[in-house]
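S.K.:
Number of protein chains: 2
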Amino acid sequence: MSSPSVSSQRDLLVETGARLFHERGYSATGVRQVAAAADVPLGSFTNHFRSKERFALVVLDHYVARLDTIMRVTLGDTSRPPARRLEAYFDAIESALNERDWGVGCLIPDLATEASIHTEPLRGALAKVLEQQTAAFAAVLNDIVETDGVDDVAAVVLAAWHGTLLRMKVERSGEPVARFRRVLRRLLSA
Amino acid sequence: MSSPSVSSQRDLLVETGARLFHERGYSATGVRQVAAAADVPLGSFTNHFRSKERFALVVLDHYVARLDTIMRVTLGDTSRPPARRLEAYFDAIESALNERDWGVGCLIPDLATEASIHTEPLRGALAKVLEQQTAAFAAVLNDIVETDGVDDVAAVVLAAWHGTLLRMKVERSGEPVARFRRVLRRLLSA
Numbered sequence: 001m002s003s004p005s006v007s008s009q010r011d012l013l014v015e016t017g018a019r020l021f022h023e024r025g026y027s028a029t030g031v032r033q034v035a036a037a038a039d040v041p042l043g044s045f046t047n048h049f050r051s052k053e054r055f056a057l058v059v060l061d062h063y064v065a066r067l068d069t070i071m072r073v074t075l076g077d078t079s080r081p082p083a084r085r086l087e088a089y090f091d092a093i094e095s096a097l098n099e100r101d102w103g104v105g106c107l108i109p110d111l112a113t114e115a116s117i118h119t120e121p122l123r124g125a126l127a128k129v130l131e132q133q134t135a136a137f138a139a140v141l142n143d144i145v146e147t148d149g150v151d152d153v154a155a156v157v158l159a160a161w162h163g164t165l166l167r168m169k170v171e172r173s174g175e176p177v178a179r180f181r182r183v184l185r186r187l188l189s190a
Numbered sequence: 191m192s193s194p195s196v197s198s199q200r201d202l203l204v205e206t207g208a209r210l211f212h213e214r215g216y217s218a219t220g221v222r223q224v225a226a227a228a229d230v231p232l233g234s235f236t237n238h239f240r241s242k243e244r245f246a247l248v249v250l251d252h253y254v255a256r257l258d259t260i261m262r263v264t265l266g267d268t269s270r271p272p273a274r275r276l277e278a279y280f281d282a283i284e285s286a287l288n289e290r291d292w293g294v295g296c297l298i299p300d301l302a303t304e305a306s307i308h309t310e311p312l313r314g315a316l317a318k319v320l321e322q323q324t325a326a327f328a329a330v331l332n333d334i335v336e337t338d339g340v341d342d343v344a345a346v347v348l349a350a351w352h353g354t355l356l357r358m359k360v361e362r363s364g365e366p367v368a369r370f371r372r373v374l375r376r377l378l379s380a
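Heads up: the protein sequence lines correspond to chains A and B, in order. According to my numbering, the first sequence is numbered sequentially starting from 1. According to my numbering, the second sequence is numbered sequentially starting from 191.
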């Protein structure tokens, strides 16, 4: 029988893993360290996850599911004008960031940094997430501007956002996010 | 007497450190690992560098000095029209990238990812590098467009470039760089 405490131990491990991957990166985070930081026995980790890599895939899935929900209720809200949908997405992320430490950043660029040492499944999962997020941005941009190359622009907006989140970590301030949003607002109103 | 082999051991350690920080990140790279990968005795490392953090500062300085040289001969070449200076900078970086593995990326976003665990000197050094590079971009953009908020735009162009280099690592291809350059070219000709 799956007791509530067992499923909450799994959730705890996933939350803790996300935090450690954010802070220290993938390769510097050990399975023992995750279990210890989550205050969960190592045996529980090995019951739930076959390997560190399988664990990282679950952490990424879990993180992306939350981002997908935010994207759906913002970018996907066709009751608003398209430029407002994009603003709403960054509003939602910005308020989530405001509640946390500036040092936390976003798991996607954080994991991407170590892409050269990831095995194929994790690298492939990251590539797919980046592709899906680009497509979500492109769908909104397509409703805003009628031009060729919207996919290129969407990829660059996403890249600018990820670079902004890295700079936020370095500066330990929300100013890089404010700058990004000022520039985006000007581009959208041009 | 400082023999050539001693100074070449130091250079070897710095080159190797840059590669390992790129691939595995800062916290996953140990001092012993750097010495072993450089095929240099650990004692040589400790002779040259007081700590891993001091070492990382030297690696970053060395890397930034090379970027500065590229910036000076491209962004700083006032014999060319300003938009061409910016193109020349990315041309130079792109050809350097073409000679390497796509997984290598750029040390600045790579180190920025772990900013939350860096001690103050390394975090401060990274913040300063980002500020200087933003100023170098802003100087060129100021010659291209007459508008307010050029510093904001310069910061977002730099962020987009760093996000692009992360995606290059994930996709293991030069396509993200090609996309970034297409978008930049359109913005500059608009």
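In this text, a Cβ means the ideal position worked out from N, Cα and C, and glycines have one as well.
Taking the Cβ atom as the reference point for each residue, do A92 (chain A) and V73 (chain A) lie within a distance shorter than 9 Å?
M.R.: For A92 (chain A) and V73 (chain A), yes; Cβs fall inside 9 Å.
S.K.: Tell me the DSSP secondary structure of D300 (chain B) in three-state form.
M.R.: Residue state, collapsed to three classes: helix.
S.K.: Considering only their Cβ atoms, is the gap separating V156 (chain A) from F327 (chain B) smaller than 9 Å?
M.R.: Their beta carbons are not under 9 Å apart, which means F327 (chain B) does not touch V156 (chain A) by this criterion.
S.K.: At which residues does the alpha helix (DSSP H) containing P311 (chain B) begin and terminate?
M.R.: Element bounds for P311 (chain B): 310-334.
S.K.: Decide if the stretch 23-33 of chain A is in contact with the stretch 211-221 of chain B; the criterion is three or more beta carbon pairs, one per stretch, under 8 Å apart.
M.R.: Touching, yes, given that three or more Cβ pairs across the two stretches are closer than 8 Å.
S.K.: Could you name the residues of the stretch 134-145 of chain A whose beta carbon sits closer than 7 Å to any beta carbon of chain B, in the order they occur along the chain?
M.R.: Residues passing the 7 Å Cβ filter: none.
S.K.: Using beta carbons (cut-off 9 Å, strictly below), is M191 (chain B) in contact with chain A?
M.R.: Note that M191 (chain B) scores 41 on pLDDT, short of 50, meaning its location in the model is unreliable; the coordinates nonetheless yield the value given after this. Judged by the 9 Å Cβ criterion, M191 (chain B) is not in contact with chain A.
S.K.: Considering Cα atoms alone, identify which of B:E243, B:T354, B:D201 is closest to E365 (chain B).
M.R.: Out of B:E243, B:T354, B:D201, B:T354 has the C-alpha closest to the C-alpha of E365 (chain B).
S.K.: Let me check understanding here. Comparing Cα to Cα, which of A:L141, A:D61, A:V150, A:P82 lies closest to L126 (chain A)?
M.R.: Selected option, being the one with the closest Cα: A:D61.
S.K.: Please state the DSSP three-state secondary structure of E99 (chain A).
M.R.: It is coil, neither helix nor strand.
S.K.: Can you give me the C-alpha to C-alpha distance between E114 (chain A) and R362 (chain B), rounded to a whole angstrom?
M.R.: Roughly 12 Å between the two C-alpha positions.
S.K.: Between the beta-carbon of H162 (chain A) and the beta-carbon of H352 (chain B), is there less than 9 Å?
M.R.: Contact flag set, yes.
S.K.: V196 (chain B): buried (16+ other C-beta within 10 angstroms of its C-beta) or exposed?
M.R.: It counts as exposed.
S.K.: As a quick exercise: from B:G233, B:A246, B:P231, pick the residue whose alpha carbon is nearest that of E205 (chain B).
M.R.: Considering only alpha carbons, the answer is B:A246.
S.K.: Would you tell me roughly how many angstroms separate the C-alpha atoms of R275 (chain B) and M261 (chain B), rounded to the nearest one?
M.R.: Spanning the two alpha carbons is a distance of roughly 9 Å.
S.K.: If contacts are defined as beta-carbon pairs under 8 Å, then V373 (chain B) and L130 (chain A) qualify, I think. What distance do you get, rounded to the angstrom?
M.R.: Rounded, the Cβ-Cβ distance is 16 Å, inconsistent with contact.
S.K.: Can we count R256 (chain B) as close to the ligand NAP, meaning its CB is less than 8 Å from some heavy atom?
M.R.: This structure simply doesn't include the ligand NAP, nor any ligand for that matter.
S.K.: May I ask you to report which of helix, strand or coil DSSP gives R240 (chain B)?
M.R.: Of the three classes helix, strand and coil, the one that applies to R240 (chain B) here is coil, per DSSP.
S.K.: Can you confirm whether P194 (chain B), when its beta carbon is compared against all beta carbons of chain A, has any partner nearer than 9 Å?
M.R.: Any reading at P194 (chain B) must be qualified, since the residue scores a pLDDT of 44, below 50, and its modelled position is unreliable; no value is offered.
S.K.: Taking T206 (chain B) as part of the alpha helix (DSSP H), name the residues at either end of that continuous run.
M.R.: That run of the alpha helix (DSSP H) goes 194-214.
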